[in-house]
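Under the numbering used here, residues 3 to 71 are what the sequence shown spells out, in order.
Using N, Cα and C, we set each Cβ at its ideal position, and we do this for glycine too.
On a predicted model such as this, the values are computed, not experimentally measured, just so you know.
Reading through the structure tokens given below for one structure.
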Amino acid sequence: APILGRRVNVGAGAKILGRVRLGDGCNIGANAVVLTDVPAGATAVGIPARVVSSEKKTTEALRHGEERE
3 APILGRRVNV
13 GAGAKILGRV
23 RLGDGCNIGA
33 NAVVLTDVPA
43 GATAVGIPAR
53 VVSSEKKTTE
63 ALRHGEERE
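Structure representation (structure tokens):
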């Protein structure tokens with residue numbers, strides 16, 4: 003059975019086959035067929051699924067009225 007991390011997004015119609023691991027925060031495109039592990043923060047699409055982006059986007063908390071340095 004697949005092992006899904008936290009905050010994994012799986013698109014409509016996607017298939018996850020076998021004992022694969024989907025890392026925290028990864029995204030699987032609609033109708034993708036996942037046959038191998040997908041690292042945390044990555045986006046995988048296609049048949050078979052391939053990683054097209056592995057950048058983790060970071061956000062910076064700002065308080066109202068503050069400016070970035």
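The C-beta separation of A16 from A34 comes to about 5 Å, placing the pair in contact by the 8 Å criterion. G43 and R21 have their alpha carbons spaced roughly 19 Å apart. Beta-bridge partners of R23 (DSSP): I5.
Under DSSP, S55 takes part in a beta bridge, and its partners are T45. Nearest to G27 by C-alpha distance, out of I5, R65, P50 and L19, is I5. With fewer than 16 other CB atoms across the displayed protein chains lying within 10 angstroms of its CB, G13 is exposed.
Beta-bridge partners assigned by DSSP to N33: none are found.
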